[in-house]
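Residues in the sequence shown are numbered consecutively from 997, following my numbering. Just so it is clear, CB atoms sit at the ideal spot from N, CA and C, and this is done for glycine as well. Since the structure comes first, as structure tokens, the remarks are kept for the end.
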Amino acid sequence: MEKQKLQQLLADMSLKEKVDQMLQLSGAFYLGDENQVLTGPARDMGLQKEDLEMAGSILGAAGAKTLMRLQDDYMKKQPHHIPMLFMMDVIHGMKTIFPMPLAQGATFHPELSKECAHAAAKEASVMGLHVTFSPMVDLVRDARWGRVMESTGEDPYLNSCFAKAMVEGFQGENPGEKGRVASCVKHFAGYGGAQAGRDYNTVELSEHTFREFYLPAYQAGIDAGAELVMTSFNTINGIPASTNKWLMRDVLRGEMGFDGVLISDFSAILETVAHRSSADECEAAVKALEAGVDIDMMTSVYSANLCRLVEEGKVQESLIDEAVGRILELKNKLGLFENPYKDADPEKENEVILCEEHRALARKTAAESFVLLKNDGILPLDLNKKIAFVGPYTENQEIKSSWSFTGDAKDCVTVKSAAREVFHPERTSYHNGCPVIGRDVELIGFTGTEEHKISEKELRIMEEEALTLAKEADLVVMPLGEHYLQSGEASSRAMLDIPEIQMELFRKVCRVNPNVVVVLFSGRPLDLREISAKARAILEVWFPGTEGGHAIVDVLTGKSNPSGKLPMSFPYCVGQVPVHYNEYSTGRPNLPGMKEKFRSKYLDIPNAPLYPFGYGLSYTDFEISPVRLDQNQMDQEGTITARVTVKNIGNCSGTEVVQLYLRDNYSSVVRPVKELKGFKRVTLLPGEEKEAVFVISEEMLRFYREDGSYGSEKGTFRVMIGNSSTVTDGAEFELV
Ligand code: GLC
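Below, the structure written as structure tokens:
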């Protein structure tokens, strides 16, 4: 629809009709018994039948037939036949579930994530969806926070690369195109900084840190064209994001140039009353509208108050016109006025979802996401050996992560089913050994099989059987780890341990067989000290998604050589958290080998994480030469080219992620000891060598200076290029 017609449509709409466009309700309100809804949750929210009928968008419903019917019903009743928007959390896949985002971050392969996002968009759009609440681009440093699984990690540059790739994957050139959906970058802003890693907790960040570390990835998503941004639950400078005018008007729309739809997180506007920064819903409505929030997700704060507030002269109708104008513009960009169903296609649906192409992509991405943390040579497995798979993820289809409810566990390939396709049936045995969690773990909302409620006797039998198989085998592969509901939203943990019931099994197996390989399922970095001490190899597989079992067997057998690198530090123990590689040196750095007391260190543990950012092993070995610079001086307009030669000195092909780190040797404000500014995946045959070339520009040296301006400062810099963030050797250059 042309712009002029859209403006005319807005002008023709009644005030109530406009306010209805700013209301988003759950699809559950439309799929159940209407009377039950109206006398139940809708009434509790102060919603009338008319609100349900006129809400401008729905979240959490999918299915071509269902959404086409809802659209028909809605447009018949909508006075101007304006189409509804259908949105959903398609976080890392729709029906084909790809590795969780933190795992995708471990690939250091944003282009692959772009393909995954595109595949997810094809499945979501054919099922009738228009918008996905993804990517989540919050920087994370605290493994206690359950939503680290939804982020791509602790580095602003890496997160920015993935934010861009995922938005482009979902939207393409135009989200109105077939097989695309509009992308909603979230949660704006700083949500990952929750104090003590406790979800929804207060965020206290200096503006310097906020701008240096937390904002870049949102900017990358916006620059990639994200059509929506979602507000976060937390406060920034003591004001909840959803009513924070500075954050939303000055920063997001002013400085960052975002002109799309701003949607609140689930009931986040209403929750400003609980924050005690809004006296009541009325004030919350005024503040959120003035902050520029266009859609109120799942409360009636807007729909129950805005019309009256306009009539009482307490808010300007122009603010509502501004918000509704953006909502109509989004519907127009998606082509919904011409084709309200967009890509919804009941026939095509079954061809697209879980198609072989998507499964193959999920398998490839999962294999690339795995991080080999330890290996004394026992991997890749010798298939002539007698192998026992013992652990609760041997035969467990819940390997999608907690943020993938659109997919079905029944579609997931287990370790066992994949292994049976490859391993010799007479030389291979399988046993879960114990439940994923014991009675000591409570998981609210866990509706799975109450397997962990088995009796002591049954548990003993399970263990006996498993230990017998472990004893008889040459080596034991132990698929174990967190329960999938132990990470994700509202799933913060004060301890970073693997469920005790599994650790007991692990210890018993190690006592009967020293040749143990741990395949670790987790939604976050964990405390791996004991496992690292006893296992001969550790492969971190995160929650690998639909093709997890196949990908794990591909890597265990050497069909795929692991190349993943940690996107987030694995702490020595929870007491070290938050821990991240790009820290400041402090005035008393505890440098390697120092024995002095008065240094920045602990009495009881080392400063270094157990496994650092950027770390990951391969089945082969790579040699990276010293850094070569084409010059050692550059001015503001200049560039410096840094080169290293990477050689595969092992006996199998592999991919090394070569990482470029820069350090500003002196600056007016303290700077990180090093910062990731580039990375390249270099694939080499045995004996082959290639050059990795990085061009360093002045832009890469910029930061928020003492006066708050963003730019570089003259002086010397150190260039370090290596295979993890522990690299220190390098070369120096000067910015003049
Ligand atoms: C949740 C999450 C957000 C999600 C939204 C809709 O509370 O914070 O990430 O997109 O609600 O499900």
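For glutamine 1627, tell me which candidate among Lys1670, Tyr1615, Glu1730 has the shortest Cα-Cα distance.
In the sequence shown, the residue the question calls residue 1627 occupies position 631. Of Lys1670, Tyr1615, Glu1730, the residue nearest in Cα terms is Glu1730.
Cα-Cα separation, glycine 1610 to serine 1147
Within the sequence shown, numbered from 1, the residue matching residue 1610 stands at position 614. Within the sequence shown, numbered from 1, the residue matching residue 1147 stands at position 151. The alpha-carbon atoms of glycine 1610 and serine 1147 are separated by roughly 15 Å.
Per DSSP, alanine 1656 is paired with what?
For the purposes of this step, residue 1656 is identified with residue 660 of the sequence shown, where counting begins at 1. In the sequence under discussion, the amino acid at residue 1656 is leucine, which differs from the alanine named in the question. According to DSSP, residue pairing for leucine 1656 in a beta bridge involves Gly1674, Ile1717.
Would you please state the rounded distance, in angstroms, between the beta carbons of phenylalanine 1082 and alanine 1116? I believe it to be under 8 Å.
Taking the first residue of the sequence shown as 1, we reach residue 1082 at position 86. Taking the first residue of the sequence shown as 1, we reach residue 1116 at position 120. Wrong, their Cβ atoms sit about 15 Å apart, outside the cutoff.
How big is the Cα-Cα spacing for methionine 1294 and methionine 1018?
Along the sequence shown, read from residue 1 onward, the residue named residue 1294 stands at position 298. Along the sequence shown, read from residue 1 onward, the residue named residue 1018 stands at position 22. Cα to Cα, methionine 1294 sits roughly 10 Å from methionine 1018.
Could you name the residues that DSSP lists as bridge partners for tyrosine 1607?
The residue labelled residue 1607 in the question sits at position 611 within the sequence shown. Beta-bridge pairing links tyrosine 1607 to Phe1566.
Cα-Cα separation, lysine 1360 to alanine 1159
Here the question's residue 1360 lines up with position 364 in the sequence shown. Here the question's residue 1159 lines up with position 163 in the sequence shown. Distance between the alpha carbons of lysine 1360 and alanine 1159 is about 20 Å.
Go ahead and pull the three-state DSSP assignment for cysteine 1157.
Reading the sequence shown from its first residue, position 161 is the one you call residue 1157. Three-state result, cysteine 1157: helix.
Measuring from the CB of phenylalanine 1729, is there a heavy atom of the ligand GLC at a distance below 6 Å?
For this step, residue 1729 is matched to residue 733 along the sequence shown. False, no ligand heavy atom lies under 6 Å from that Cβ.
Close-in-space but distant-in-sequence residues of the same chain around glycine 1545 (CB under 8 Å, 5 per side omitted):
In the sequence shown, counting from the first residue as 1, residue 1545 sits at position 549. Around glycine 1545: Ile1395, Cys1408, Val1409, Thr1410, Val1411, Lys1412, Ser1413, Ala1414, Ala1415.
For phenylalanine 1366 and proline 1558, believed in contact at Cβ under 8 Å, the rounded distance
As a first step, residue 1558 must be located in the sequence shown, where it is residue number 562. As a first step, residue 1366 must be located in the sequence shown, where it is residue number 370. The Cβ separation is near 5 Å, so the contact holds.
Run the proximity test for phenylalanine 1594: is its beta-carbon closer than 6 Å to any non-hydrogen atom belonging to the ligand GLC?
For the purposes of this step, residue 1594 is identified with residue 598 of the sequence shown, where counting begins at 1. Incorrect: phenylalanine 1594 has no Cβ contact closer than 6 Å to the ligand GLC.
Please list, in chain order, all residues of the same chain as proline 1567 whose beta carbon is under 8 Å from its beta carbon, the five residues on each side excluded.
Position 571 of the sequence shown holds residue 1567. For proline 1567, same chain residues with a beta-carbon under 8 Å away, outside a window of 5 residues either side, are Ala1139, Leu1492, Pro1521, Asp1523, Val1573, Val1575, Pro1605, Leu1606 in chain order.
Which listed residue (Leu1587, Gly1434, Glu1671) has its alpha carbon closest to that of asparagine 1661:
Mapped onto the sequence shown, residue 1661 falls at position 665. The candidate whose alpha carbon is nearest that of asparagine 1661 is Glu1671.
Across which residues does DSSP place proline 1475 in a beta bridge pair?
Mapped onto the sequence shown, residue 1475 falls at position 479. Paired residues: Val1515.
Mapping DSSP to helix, strand and coil, what is lysine 1406?
Start at 1 with the first residue of the sequence shown, and residue 1406 comes out as number 410. Helix.
Quick check on the DSSP output: the alpha helix (DSSP H) that includes asparagine 1328 runs from which residue to which?
Sequence index remark: in the sequence shown, residue 1328 carries index 332 (1-based). Asparagine 1328 -> alpha helix (DSSP H) spans 1313-1329.
Taking DSSP as the reference, what is the three-state secondary structure of serine 1179?
Stepping through the sequence shown from its first residue, residue 1179 is reached at position 183. Looking at serine 1179 - three-state DSSP - the assignment turns out to be strand.
Do you know how far the Cα of valine 1666 is from the Cα of serine 1693?
Translated into the one-based positions of the sequence shown, residue 1693 becomes position 697. Translated into the one-based positions of the sequence shown, residue 1666 becomes position 670. Distance between the alpha carbons of serine 1693 and valine 1666 is about 21 Å.
Between which two residues does the alpha helix (DSSP H) carrying leucine 1552 extend?
Here the question's residue 1552 lines up with position 556 in the sequence shown. Taken as a continuous stretch (DSSP letters only), the alpha helix (DSSP H) holding leucine 1552 covers 1544-1552.
Going by CA-CA distance only, name the one from Asp1600, Val1723, Ile1601 that's closest to tyrosine 1657.
Here residue 1657 corresponds to residue number 661 of the sequence shown, with the count starting at 1. Minimum Cα distance to tyrosine 1657 is reached at Val1723.
So, glycine 1434 versus isoleucine 1534, is the Cβ gap smaller than 7 Å?
Position 438 of the sequence shown, counted from the first residue, corresponds to residue 1434. Position 538 of the sequence shown, counted from the first residue, corresponds to residue 1534. In this structure, isoleucine 1534 does not lie closer than 7 Å to glycine 1434 by Cβ.
Under the DSSP definition of a beta bridge, which residues are partnered with glutamate 1173?
What you label residue 1173 is simply residue 177 of the sequence shown in a count that begins at 1. Glutamate 1173 is not bridged to any residue.
Could you tell me if the beta carbon of aspartate 1292 falls within a distance shorter than 6 Å of some heavy atom in the ligand GLC?
Taking the first residue of the sequence shown as 1, we reach residue 1292 at position 296. No, the beta carbon of aspartate 1292 sits no closer than 6 Å to any heavy atom of the ligand GLC.
Can you tell me the Cβ-Cβ gap for proline 1563 and glycine 1149, rounded? I've got them flagged as a contact below 8 Å.
Along the sequence shown, one-based indexing puts residue 1563 at 567. Along the sequence shown, one-based indexing puts residue 1149 at 153. Correct: roughly 3 Å between the Cβ atoms.
Buried or exposed: which applies to tryptophan 1399, given that a residue is buried once 16 or more other Cβ atoms fall within 10 Å of its Cβ?
Position 403 of the sequence shown, counted from the first residue, corresponds to residue 1399. Buried: at least 16 other Cβ atoms inside 10 Å.
In terms of alpha-carbon separation, which member of Ala1120, Ser1296, Ala1038, Phe1713 lies closest to proline 1342?
Position 346 of the sequence shown, counted from the start, is the residue given in the question as residue 1342. The residue with the shortest Cα to Cα distance from proline 1342 is Ala1120.
By alpha-carbon positions, which one of Asn1233, Met1226, Val1127, Ala1281 ends up nearest to aspartate 1261?
If you number the sequence shown from 1, residue 1261 lands on position 265. The residue with the shortest Cα to Cα distance from aspartate 1261 is Met1226.
First through last residue of the beta strand (DSSP E) which encompasses valine 1411
Numbered from 1 along the sequence shown, position 415 holds the residue referred to as residue 1411. Element bounds for valine 1411: not the beta strand (DSSP E) but the alpha helix (DSSP H), 1411-1415.
Starting from leucine 1305, trace the alpha helix (DSSP H) both ways and give me its first and last residue.
Translated into the one-based positions of the sequence shown, residue 1305 becomes position 309. From DSSP, the alpha helix (DSSP H) with leucine 1305 extends over 1297-1307.
Could you tell me which residues DSSP pairs with lysine 1686 in its beta bridges?
Here residue 1686 corresponds to residue number 690 of the sequence shown, with the count starting at 1. Lysine 1686 is bridged by DSSP to Val1642.
Between Lys1310, Ala1300, His1354, Glu1325, which lies nearest to alanine 1038 when the distance is taken from Cα to Cα?
In the sequence shown, residue 1038 corresponds to position 42, counting from 1. It is Ala1300 whose Cα lies nearest to the Cα of alanine 1038.
Residues whose Cβ lies closer than 7 Å to any heavy atom of the ligand GLC, in chain order
Leu1055, Gly1056, Asp1085, Phe1129, Met1132, Lys1182, His1183, Met1226, Phe1229, Asp1261, Phe1262, Met1293, Glu1485
Would serine 1488 and aspartate 1134 be called neighbours here (beta carbons separated by less than 7 Å)?
Against the sequence shown, residue 1488 aligns to sequence position 492. Against the sequence shown, residue 1134 aligns to sequence position 138. With contacts defined as CB atoms closer than 7 Å, serine 1488 and aspartate 1134 fail to qualify as a contacting pair.
Same chain only: Cβ atoms within 6 Å of methionine 1244, ignoring 5 sequence neighbours per side
The count along the sequence shown starts at 1 and reaches residue 1244 at position 248. Taken in chain order, the residues that qualify are Ala1287, Gly1288.
Near glutamine 1632, what residues of its chain come up, given a Cβ to Cβ distance below 7 Å and the 5 sequence neighbours on each side ignored?
To locate residue 1632, count along the sequence shown from 1; it is residue 636. Cβ neighbours of glutamine 1632 beyond the five flanking positions: Glu1694.
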